[in-house]
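Engineer: The structure under discussion is supplied below as structure tokens; questions concerning it will follow.
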Amino acid sequence: MSAAAATLAFGLAGTSQAAAPTLREAADATGRFIGTAVNDGLLNNSTYRNIAASEFDSVTAENAMKWEAVEPQRGQYNWAGGDRLVQFAQQNDQLVYGHTLVWHSQMPQWLQNGSFSNSELRTIMTDHVTTQVGRYRGDVQRWDVVNEAFNEDGSLRQSKFYQQLGESYIADAFRAARAADPNAKLFINDYNTEVRNAKSDGLFRLVQRLKSQGVPIDGVGFQNHLIVGNVNGSAIQQNLQRFADLGLEVVITELDIRMRTPSDSSKLQQQARDYRAVADACLAVSACSGITVWGISDRDSWVPDTFPGEGDACPWDGNYQPKPAYHALLTAFTDAAGDPGGPGEDPEDPEDPGEPGTGSCTAVFTVANRWATGSVVNVTVRTTQALNGWRAEFDLPSGVTVANGWNGGFSQSGARVTVTNAAYNGTVAAGGTFSFGFQTNGGAAQDGTAVSLGGQRCAAG
Ligand code: XIL
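Numbering-wise (my numbering), the sequence shown opens with residue 27 and increments by one.
Take a look at the structure:
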């Protein structure tokens, strides 16, 4: 395709405004699942329920399948919350990720405070695993059999199970789970194991031992409770890969990326890059089967209760509006599925200006917030060439105007908005980015609006 034809194709694509895919559609196109933790108490909230149903194809019980919820008295089971989740998943054609069977935390009082002989404790544990996995046999595709077994230094945590039973409690839990549902995939899950460090090395060695002993383990879950600005995508990818190389499936099981609150636009943009880095790390590892986020909106997240002064860690904000992090996840999947520039693009054509890395720019145009009469928009442009001063242009829907803007000088003529660099952000290195933002009046801007830089159309990126 010639450059002129490509530009024309882009022009047509830009006016047709195809509906953006949902996260689950985009993830599906890459062969991965995208899940969320579901708070049982919020399933009555229609906004929450609709997002959980339409955007995700996997669900994890945030609390309803933990030991304290399931077996509050010894031998007396309460399946209400777990059953609601399974029913929700079946109604919405979703996978269920079971969380969690053996864990030092959220144990029922009778177990936490009771004294049992070693053999009695072993039986209590295997009975619990057998009963719960058996209950959901065929309904739950993956289980976190053992959760958070490690200390930060890579030694095994001194949980009640480890103290009394030693390392063998882990193998016994996996064997009981396999016997109760031979088709469920069995995982060990932990946090602060995302990159290579003493803790993930300890986990790695344990998994090697389990495999060499023939213990039925299928995968490793990496929680990914991360901090904005502190995410190293390539280190995550390398660590996922070394576990995958043991012949295991790997999953991002509890992704959230927190910040000190309140948020601002630059923290939200950094958070979006961090979400993207985690998603890209998974997508680069063929054994990484999916990503689960730990909560839909900032309103529902566990983070503020657990990390005082921090929050805003989820892909949707407290009003259930998608944040830049949402769009970053979505774009990670759509790019990985081989559609980086939208319809009309020929990704094989090196002259196609829409292909990231071969054209001169890519742009992410994100509506961070919208309401009936306005919106807040963030735009980030990446340039392959060094810039000394820049001019970016885009069109707003009819009747929508820029009310005020930041990180640039704004002018508007009809639909067309022109933004030039501010004094402090005109110099951009090759491969670097610049960002600006603005608020609209008269209606909302459209996510993914095409942006041009110096007259050349940027790819959606
Ligand atoms: C958290 C839940 O989100 C909270 O609602 C609950 O109060 C405590 O547990 N690692 C895990 C999850 O494996 O089960 C935890 O979930 C978060 C950390």
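We put the beta carbon where it would ideally sit given N, CA and C, even for glycine.
Computed from a predicted model, the values in this text were never measured in an experiment.
May I have a chain-ordered list of the alpha helix (DSSP H) segments no shorter than 4 residues that lie completely inside the region 303-357?
Structural biologist: Correct list: 329-332.
Engineer: Quick check on DSSP: helix, strand or coil for I243?
Structural biologist: Correct three-state label for I243: coil.
Engineer: Does the distance between the C-beta of H125 and the nearest non-hydrogen atom of the ligand XIL fall short of 7 angstroms?
Structural biologist: Answer for H125: yes, Cβ within range of the ligand XIL.
Engineer: Report yes or no: do three or more beta-carbon pairs, one from the region 107-116 and one from the region 49-67, lie closer than 8 angstroms?
Structural biologist: The region 107-116 is in contact with the region 49-67.
Engineer: Can at least three beta-carbon pairs, one atom from the region 447-457 and one from the region 305-314, be found at a separation below 8 angstroms?
Structural biologist: Flag = no, the region 447-457 and the region 305-314 do not touch.
Engineer: Along the chain, where does the beta strand (DSSP E) that runs through T392 open and close?
Structural biologist: It spans C387 to W397 - the beta strand (DSSP E) in which T392 sits, taken as one unbroken run.
Engineer: Per the DSSP calculation, R286 is bridged to which residue(s)?
Structural biologist: DSSP lists E336 as partners of R286.
Engineer: Could you pull out every residue in the same chain whose Cβ sits closer than 6 angstroms to the Cβ of T41, ignoring the five residues on either side in sequence?
Structural biologist: Caution is warranted here: a pLDDT of 40 is assigned to T41, below 50, making its placement in the model unreliable, and the coordinate value is therefore given only provisionally. Hits under 6 angstroms: none found.
Engineer: Determine which residues share a DSSP beta bridge with G435 and list them.
Structural biologist: Note: G435 sits in a beta bridge opposite T446.
Engineer: When you compare only the Cα positions, how much space is there between A53 and Y450?
Structural biologist: Taking the straight line joining both Cα atoms gives about 38 angstroms.
Engineer: Is there contact here, the region 242-260 with the region 180-190, by at least three beta-carbon pairs under 8 angstroms?
Structural biologist: The answer is no - the region 180-190 does not touch the region 242-260, with fewer than three Cβ pairs under 8 angstroms.
Engineer: Using a threshold of 7 angstroms, is the CB atom of N173 nearer than that to any non-hydrogen atom of the ligand XIL?
Structural biologist: Yes - the ligand XIL has a heavy atom lying nearer than 7 angstroms to the Cβ of N173.
Engineer: What residues match up with S80 in a beta bridge as DSSP calls it?
Structural biologist: According to DSSP, which records beta bridges pairwise, S80 is partnered with nothing at all.
Engineer: Take the Cβ of D271 as the centre, count every other Cβ of all protein chains shown within 10 Å, and call the residue buried at 16 or more, exposed below.
Structural biologist: Under this definition D271 is an exposed residue.
Engineer: Indicate the three-state DSSP secondary structure (helix, strand or coil) for G61 in the structure shown.
Structural biologist: If DSSP states are grouped into helix, strand and coil, G61 belongs with the strands.
Engineer: Suppose you measure from the CA of L503 to the CA of Y162; what does that come to, to the nearest Å?
Structural biologist: Here the chain covers residues 27 to 487 and nothing more, so residue 503 does not appear.
Engineer: What residue from N144, A55, I317 and R235 has the CA that sits closest to L266's CA?
Structural biologist: Minimum Cα distance to L266 is reached at I317.
Engineer: Measure from the alpha carbon of Q135 to the alpha carbon of each residue in V96, Q438 and N447, then state which is nearest.
Structural biologist: Residue V96 is the option with its Cα nearest to Q135.
Engineer: For the alpha helix (DSSP H) containing N89, name the first residue and the last one.
Structural biologist: Per DSSP, N89 belongs to no alpha helix (DSSP H) and is neither H nor E.
Engineer: Report the residue from N209, F200, A206 and A205 whose alpha carbon sits nearest the alpha carbon of N215.
Structural biologist: Nearest of N209, F200, A206 and A205 to N215, Cα basis: F200.
Engineer: Can you list, in chain order, the residues of its chain whose CB lies under 6 angstroms from that of L445, leaving out five sequence neighbours each side?
Structural biologist: The question names Leu, but residue 445 in the sequence shown is Val. Cβ neighbours of V445 beyond the five flanking positions: A418, G434, F436 and F462.
Engineer: Can you determine whether any heavy atom of the ligand XIL sits closer than 7 angstroms to the C-beta of N89, and answer yes or no?
Structural biologist: Within the cutoff, so yes.
Engineer: Would you check if the distance between the CB atom of T156 and the CB atom of A202 is smaller than 8 angstroms?
Structural biologist: Closer than 8 angstroms, so yes.
Engineer: With C-beta atoms as the reference, is T357 less than 8 angstroms away from S386?
Structural biologist: Cβ distance not < 8 angstroms, so T357 and S386 don't count as in contact.
Engineer: Excluding the 5 residues preceding and the 5 following Q347 in the sequence, name in chain order all residues of the same chain whose CB lies nearer than 6 angstroms to its CB.
Structural biologist: Correct list, in chain order: N395.
Engineer: Output the distance between the C-alpha atoms of T332 and R483, rounded to the nearest integer angstrom.
Structural biologist: Whole-angstrom Cα-Cα distance: 45 angstroms.
Engineer: Who are the Cβ neighbours of A197 in its own chain at under 7 angstroms, not counting the five residues just before and after it?
Structural biologist: For A197, where only same-chain residues beyond five positions count, the Cβ hits under 7 angstroms are L236, Q239 and V241.
Engineer: What beta strand (DSSP E) runs, 3 residues minimum, are completely inside the region 101-148?
Structural biologist: List check, beta strand (DSSP E) in window: 121-128.
Engineer: Ends of the beta strand (DSSP E) at F176?
Structural biologist: First-last for F176: undefined, no H or E at that position.
Engineer: Looking at the secondary structure, which residues open and close the beta strand (DSSP E) in which L252 lies?
Structural biologist: Start and end: H251 to I253.
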